[in-house]
Amino acid sequence: MNFEDLIQDVYQKIKEIDDKGETASYIPELAKVDPNNFGVYISTINQFNFGTGNCYDKFSIQSIAKVLALILAYRIVGDDLWKRVGVEPSGTAFNSLVQLEADKGIPRNPFLNAGAIVVSDVLLSNLKNPKEDFIHFVRRISNNTALEYSNRIAQSEKDVGYRNVALGNFIKSFGQIENEPSDVLNFYYDLCSLEMSCKELSELFLFLANNGISIQSNESILSESQSKRINALMQTCGFYDESGEFAFKVGLPGKSGVGGGIIAIHPDQYAIAVWSPKLNKQGNSYKGMKFLEEFTTRSELSIF
Ligand code: GLN
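Just so we're aligned, residue 32 is where the sequence shown starts under this note's numbering, counting upward by one.
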């Protein structure tokens, strides 16, 4: 498969389409990003790497970081994690509160804001210096010491994080958060503020295409069965109330963020990252979704 020609072709085609999305203006700093940025980068387990467009520019990975938080929490507490957070698609928006009342503070899955807030609470209870320990973990598994949080983005989100404050307090009222909600949220905003380029993202997530083993260092980051489960969660819950559509049109496990990034994994083949800041109504990158749909359709490789 000549991924280079295919990516160039699909990239040029999607670059030209009318972008019907909007940047995530509810976080003021994200609204300032140039909406014309568009980058793609692929890393394969055979060590083929290729990118185009703004693939080396860093952006706010936002909810993609929820996967990294989940991985660290899963490594620390194992299957006990599923007592605190479910593994079921919600069919609701990423910041929804509606199901929590009936579910007594147990979020449906770890990729909703509610779920990631609970995962953040688990990390806060288990790490000595959560902010430092988390970034060290991400740097280590990616072999990339250049990764950083953005204090500017974290502060911007904190200033207007009314729904997340509501979620944190609501879950705490059911006794499903151990720490002070404000401490949990500060850590949650920090992890959402991580910045990476498409190149860095695809290299970092490649281990999920390789049964949990890092291609770069040969380190086992997750067991084969844990890695399979993270992919299953990305497949069923990675795009909130658009997860079914993503499975239908793209057919890969993946995760989006409101910074306009998407990471998608083809087990045993590749990881691919796309970035385009304007989002569709479900909060997923408009052009990113279109790119991946065209790319997986034309490459005719499928996990199904
Ligand atoms: N930090 C964002 C929020 O809490 C993450 C949302 C997302 O990327 N979908 O609203």
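For glycine and all other residues, C-beta sits at the position ideal for the given N, C-alpha and C.
Cβ-based neighbour list, residue i, same chain, cut-off 6 Å, excluding 5 preceding and 5 following
{"i": "P138", "result": "V116, A145, G146 and V149"}
{"i": "L235", "result": "S173"}
{"i": "L99", "result": "V169"}
{"i": "G52", "result": "K309, L310, N311 and Y317"}
{"i": "A104", "result": "L112, V150, V153 and L154"}
Extent of the continuous alpha helix (DSSP H) to which residue i belongs
{"i": "T328", "result": "Y317 to S330"}
{"i": "N262", "result": "E255 to C268"}
{"i": "Y105", "result": "A96 to V108"}
{"i": "V196", "result": "Y193 to S204"}
{"i": "F168", "result": "P161 to S173"}
{"i": "M182", "result": "The sequence given here places Asn at residue 182; Met does not occur at that position. N182 -> alpha helix (DSSP H) spans N182 to D190."}
{"i": "G52", "result": "From DSSP, G52 is part of no alpha helix (DSSP H); its letter is neither H nor E."}
{"i": "D152", "result": "N144 to N157"}
CA-to-CA distance, residue j to residue i, given in whole angstroms
{"i": "I184", "j": "M32", "result": "39 Å"}
{"i": "F34", "j": "N80", "result": "9 Å"}
{"i": "L143", "j": "Y271", "result": "7 Å"}
{"i": "K203", "j": "Y220", "result": "17 Å"}
{"i": "D49", "j": "V71", "result": "18 Å"}
{"i": "F205", "j": "L198", "result": "11 Å"}
{"i": "A295", "j": "P284", "result": "6 Å"}
{"i": "V129", "j": "S248", "result": "43 Å"}
{"i": "I166", "j": "N242", "result": "23 Å"}
{"i": "V191", "j": "I58", "result": "7 Å"}
{"i": "D66", "j": "T54", "result": "Checking the sequence, you will find Pro at residue 66 rather than Asp. The alpha-carbon atoms of P66 and T54 are separated by roughly 7 Å."}
{"i": "S254", "j": "A263", "result": "14 Å"}
{"i": "E132", "j": "T328", "result": "40 Å"}
{"i": "S258", "j": "T75", "result": "17 Å"}
{"i": "S151", "j": "S330", "result": "37 Å"}
{"i": "G136", "j": "H297", "result": "33 Å"}
{"i": "S91", "j": "M227", "result": "7 Å"}
{"i": "S245", "j": "Q93", "result": "23 Å"}
{"i": "P212", "j": "D40", "result": "47 Å"}
{"i": "S187", "j": "E60", "result": "6 Å"}
{"i": "N77", "j": "L37", "result": "17 Å"}
{"i": "E276", "j": "G269", "result": "11 Å"}
Same chain only: Cβ atoms within 8 Å of residue i, ignoring 5 sequence neighbours per side
{"i": "G319", "result": "S287, G291, G292, I293, V305, W306 and S307"}
{"i": "K89", "result": "E226, M227, S228 and E231"}
heavy atom of the ligand MN below 7 Å from residue i C-beta
{"i": "Q300", "result": "The ligand MN is absent from the structure shown, which contains only the ligand GLN."}
Integer-rounded CB distance, given that residue j should sit under 8 Å from residue i
{"i": "P289", "j": "G314", "result": "Checking the sequence, you will find Val at residue 289 rather than Pro. Their Cβ separation, rounded to whole angstroms, is 5 Å, which keeps V289 and G314 in contact under 8 Å."}
{"i": "A240", "j": "D164", "result": "Actually they are not in contact, since the Cβ atoms of A240 and D164 sit about 26 Å apart, beyond 8 Å."}
{"i": "K97", "j": "P141", "result": "6 Å"}
Interface flag, residue i vs chain D, CB-CB below 8 Å
{"i": "I76", "result": "Although the question refers to chain D, the structure presented lacks it and comprises just one protein chain."}
Helix, strand or coil at residue i [DSSP, three-state]
{"i": "K280", "result": "helix"}
{"i": "E226", "result": "strand"}
{"i": "L310", "result": "strand"}
{"i": "K286", "result": "strand"}
{"i": "I38", "result": "helix"}
{"i": "A304", "result": "strand"}
{"i": "I132", "result": "It should be noted that the sequence gives Glu, not Ile, for residue 132. Reduced to three states, the DSSP call for E132 is helix."}
{"i": "F238", "result": "helix"}
{"i": "S121", "result": "coil"}
{"i": "S56", "result": "coil"}
{"i": "F90", "result": "strand"}
{"i": "S213", "result": "helix"}
{"i": "S333", "result": "coil"}
{"i": "S251", "result": "strand"}
Contacts around residue i, its chain only, beta-carbon distance under 7 Å, and the 5 residues preceding and following it disregarded
{"i": "P161", "result": "L154, L155 and F218"}
{"i": "G84", "result": "Y42, F69, G70 and V71"}
{"i": "K230", "result": "Y72, G82, C86 and Y87"}
{"i": "T267", "result": "P120 and S274"}
{"i": "Y180", "result": "I166, D221, S224 and L225"}
{"i": "G122", "result": "D272"}
Residue range of the unbroken beta strand (DSSP E) whose run includes residue i
{"i": "S74", "result": "G70 to T75"}
{"i": "G292", "result": "G292 to H297"}
{"i": "N80", "result": "N80 to G84"}
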